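Visitor: The structure's right below; bear with me while I get my questions together.
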Amino acid sequence: MDAIILGMPGPWADSNNEAADIYTSKIGGLPDWPFPIGSGKQNLLECSACRSNLCLFAQIYAPISSKSLSIEERVICVFGCLVPDCESPIFSSSKVLPCFYIYTQEEKQSKKAVSGSSKNTLLSVQECDYVSEDQSNGETYEEENYEYDRALNADRTYLKFKKRVDAYPEQCFRYSYGGKPLLASVEIGDPGICKHCGGLRHYEMQLMPPLIFFLQEAANDDQKISLQKIDWMTLLVYTCSMSCADSSYQFKSDGEDWIVAEETVIVQCE
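Residue 253 in this note's numbering is what sits at position 246 of the sequence shown, and the numbering runs on without skipping anything.
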């Protein structure tokens with residue numbers, strides 16, 4: 008099983024505008040661009056729904072080191088819209104969110120506990136099915152049983168999500184390049200294919216509910232009003248499996264070339 012890296016809350020920044028660098032993972036504040044973004048590229052930082060300025064929710068240093076790909080200097084920035092009347096499901100606002108830094112640790116799981124829990128759950132399902140067979144039959148039973156199974160699967164998914172959150176109740180993000188997301192609900196959108204190379208997108212990371220709690224705790228009155236818009240359980244970030252990019256968003260800084268790529272975020276709400 009691939010390692011799952013958890014982003015845990017570290018110290019608060021002295022200022023929400025405090026500068027860092029791309030090797031620093033943080034929540035809120037301002038993005039630490041390694042290059043100046045020209046006025047012609049500002050649409051990258053605008054909400055596609057209301058055209059307001061986006062604010063930074065998370066900056067994650069995410070180098071890639073695999074058999075097929077190696078990129079040392081790589082960072083993921085998750086932006087969102089906080090305008091109350093905007094139709095965007097993920098949080099634009101010129102407000103700068105409270106900023107705190109992140110340290111990482113690997114998630115440890117007990118296989119014994121997971122296995123035991125799965126077995127007990129299966130036993131409960133079998134017992135419920137047995138009772139249902141005695142009390143229902145025909146088409147009505149099949150329709151009700153389908154709805155019951157669907158609800159049961161949804162409950163299982165949410166309970167698994169809650170269990171993993173409860174094990175590390177301060178986790179702000181989860182990272183597993185090419186791994187599997189921790190779903191909060193059964194229904195998940197289609198990340199689609201990369202619009203640049205046509206390759207598959209794969210899961211890379213997700214933002215978690217404790218992040219919202221920490222932001223709300225440190226927010227001022229205006230920020231709290233904006234943050235009330237957030238009703239998601241998790242944001243799933245999918246990236247191009249080839250890590251390609253649009254050459255039209257290429258920047259130069261200190262003799263180095265940087266490329267910006269817009270990726271896909273899937274929202275799972277309460």
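All residues carry an ideal CB built from backbone N, CA and C; glycine is no exception.
This structure is a prediction, so every number in the text was calculated from the model and none was measured.
Let me make sure I understand the geometry here. Which of F221, Y210, I219, Q230 has the alpha-carbon closest to that of E270?
Guide: Closest by alpha carbon: Y210.
Visitor: How far does the alpha helix (DSSP H) with S233 in it extend, from its first residue to its last?
Guide: S233 -> alpha helix (DSSP H) spans 228 to 234.
Visitor: May I have the straight-line CA-CA distance separating K74 from Y182, to the nearest angstrom?
Guide: Using only the alpha carbons, I get a separation of about 19 Å.
Visitor: Specify, as a first and last residue, the run of the beta strand (DSSP E) that P70 falls within.
Guide: Per DSSP, P70 belongs to no beta strand (DSSP E) and is neither H nor E.
Visitor: Between the C-alpha atoms of N60 and S77, what's the straight-line distance to the nearest angstrom?
Guide: If I take the Cα positions, the gap works out to 32 Å.
Visitor: Could you give the C-beta distance for I29 and L218, rounded to a whole number, given that I count them as a contact under 8 Å?
Guide: Contact doesn't hold; Cβ gap of about 20 Å is too wide.
Visitor: Below 7 Å CB to CB, which residues in the same chain sit around L13 once its five sequence neighbours on both sides are set aside?
Guide: The residues are T111, Q112, E114, Y175, Q178, R181.
Visitor: Report yes if the CB atom of L104 is closer than 8 Å to the CB atom of L222, and no otherwise.
Guide: It is a contact, given that the beta carbons lie within the stated cut-off.
Visitor: Does the segment 222 to 238 come into contact with the segment 261 to 270, if we say contact requires no fewer than three beta-carbon pairs (one atom in each stretch) closer than 8 Å?
Guide: At 8 Å Cβ cutoff, the stretches do not touch.
Visitor: If you reduce the DSSP assignment to three classes, tell me which class E224 lands in.
Guide: In this structure, E224 counts as helix in the three-state DSSP scheme.
Visitor: In the DSSP output, which residue or residues are listed as bridge partners for T241?
Guide: Paired residues: Q275.
Visitor: Taking 7 Å as the limit between beta carbons, can you name the residues of its chain near P1, skipping five residues before and five after?
Guide: This structure cannot settle anything about residue 1, because the visible part of the chain is limited to 8 through 277.
Visitor: In terms of residues, what are the limits of the beta strand (DSSP E) holding R181?
Guide: It spans 180 to 182 - the beta strand (DSSP E) in which R181 sits, taken as one unbroken run.
Visitor: List the residues that DSSP assigns as beta-bridge partners of C247.
Guide: The partner list for C247 (beta bridge, DSSP) reads R208.
Visitor: May I have the straight-line CA-CA distance separating L52 from F168, to the nearest angstrom?
Guide: Spanning the two alpha carbons is a distance of roughly 31 Å.
Visitor: Thinking C-beta only, is L63 closer than 8 Å to F42?
Guide: Not in contact: F42 and L63 (Cβ atoms no closer than 8 Å).
Visitor: From the DSSP output, in three-state form, read off N60 for me.
Guide: Residue state, collapsed to three classes: strand.
Visitor: In the DSSP assignment, find the beta strand (DSSP E) that holds S265 and state where it starts and stops.
Guide: Going by the sequence as given, residue 265 is Trp instead of Ser. Per DSSP, W265 belongs to the beta strand (DSSP E) from 263 to 266.
Visitor: Going by DSSP, what residues sit across from K33 in a beta bridge?
Guide: Beta-bridge pairing links K33 to Q66, Y108.
Visitor: Based on the DSSP secondary-structure assignment, which residues constitute the bridge partners of Q257?
Guide: The partner list for Q257 (beta bridge, DSSP) reads I266.
Visitor: Please confirm whether G17 and Y108 have their CB atoms less than 8 Å apart.
Guide: For G17 and Y108, yes; Cβs fall inside 8 Å.
Visitor: Going by DSSP, which residues form a beta bridge with M15?
Guide: In the DSSP output, where bridge partners are listed per residue, M15 has Y110.
Visitor: Relative to the C-alpha of Q66, which residue among C88, A27, K259, L89 is closest?
Guide: The shortest Cα separation from Q66 among C88, A27, K259, L89 belongs to A27.
Visitor: May I ask you to report which of helix, strand or coil DSSP gives V85?
Guide: Looking at V85 - three-state DSSP - the assignment turns out to be strand.
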